[in-house]
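Heads up: the protein sequence lines correspond to chains A and B, in order.
10 is the number of the first residue of the first sequence in the working numbering; add one for each residue after it.
10 is the number of the first residue of the second sequence in the working numbering; add one for each residue after it.
Cβ atoms here follow ideal geometry from the backbone N, Cα and C, with glycine treated the same way.
Bear in mind that the values here come from a model prediction, so they are computed numbers and not experimental data.
Below is one structure, written out as structure tokens; the observations come after it.
2 protein chains.
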Amino acid sequence: MNSNSAFKALADPTRREILAMLRNGEMTAGALAGRFDMTKPSMSHHFAVLRDAGLVTSRREGQQIWYGLNTTVVQDLTAWAMDLLKDNRHPKGKRS
Amino acid sequence: MNSNSAFKALADPTRREILAMLRNGEMTAGALAGRFDMTKPSMSHHFAVLRDAGLVTSRREGQQIWYGLNTTVVQDLTAWAMDLLKDNRHPKGKRS
DNA sequence: CATCTAATTAGATAATTGTCTAAATATAGG
DNA sequence: CCTATATTTAGACAATTATCTAATTAGATG
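In structure tokens form, the structure reads like this:
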């Protein structure tokens, strides 16, 4: 499966926080990094993991790089989790 | 956060497959292990991770241990993912 | 109680990961 | 072209993790 990288990306609390912040719109690498008690290279690493997993988009604008939430992949993850909740015990005639 | 262990549990593909199988109802440790190309101790380790994360329930019945999906925690994860999709850019008057 | 089956625990090991510091790249503006 | 700012890349290191084999626990049954 390809979304394995997305699940692995979500395993880190810092990365989940980053995603939560991006819910309010795009942010630059620097602005994001400034919100965490962690060095910029470490944050940069987290950005790369999120980008490689397809969870965020990135674009350079001058000296800065803007990161944004990629809702498509988040939707896939949501669908996966919701699927788990669909009772599959009687696969023929859904309604018990 | 406490659900950190749940996210970490989901990071492994074998564990995600286990959860998917439990969608069809409870299974014994042995029955589950039989479905994977992996030793029983390794599988047992994955069961423990899932149980510690609250993603599965377990109960002994004689010699066997039955594992089942804990939908409550799965619901929490679903809610977290869906929250990410709610646009929060204009927090006062929700409807753009 | 001896033994069989089901499952876990213990302990080792290789691979992956998260973090850091130092160095490099990229862009903007004198 | 030099310097300042923004960000990433490189390389090292400690911690965590996934897996294995061997040993152990727990229950059933003759």
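Backbone secondary structure at residue i - three-state DSSP
i	result
L64 of chain A	coil
E35 of chain A	coil
Q73 of chain B	strand
D21 of chain B	coil
For residue j and residue i, the rounded distance between their alpha carbons
i	j	result
N33 of chain B	I74 of chain A	45 Å
V65 of chain A	F16 of chain A	13 Å
R25 of chain B	R60 of chain B	13 Å
G63 of chain A	S12 of chain B	22 Å
V58 of chain B	A18 of chain B	6 Å
S67 of chain B	F56 of chain B	9 Å
L94 of chain B	Q72 of chain B	45 Å
L31 of chain B	D46 of chain B	18 Å
L28 of chain B	E70 of chain A	42 Å
D85 of chain A	A40 of chain B	29 Å
Integer-rounded CB distance, given that residue j should sit under 8 Å from residue i
i	j	result
A90 of chain A	A42 of chain B	Contact doesn't hold; Cβ gap of about 24 Å is too wide.
S53 of chain B	A38 of chain B	7 Å
Worksheet item: Taking any Cβ of chain A, which residues in the segment 15–30 of chain B have a Cβ under 9 Å from it, in chain order?
Response: Under the 9 Å Cβ criterion, the segment 15–30 of chain B contributes F16, K17, A18, L19, A20, D21, P22, R25, L28 and A29.
Worksheet item: Listed from N- to C-terminal order along the chain, which residues in the segment 59–80 of chain B have their beta-carbon within a distance smaller than 9 Å of any beta-carbon of chain A?
Response: The residues in question are L78 and T80.
Fill in: Interface positions of the segment 32–60 of chain A facing chain B (Cβ-Cβ less than 9 Å), listed along the chain
Of all residues in the segment 32–60 of chain A, R32, N33 and G34 have a Cβ within less than 9 Å of some Cβ in chain B.
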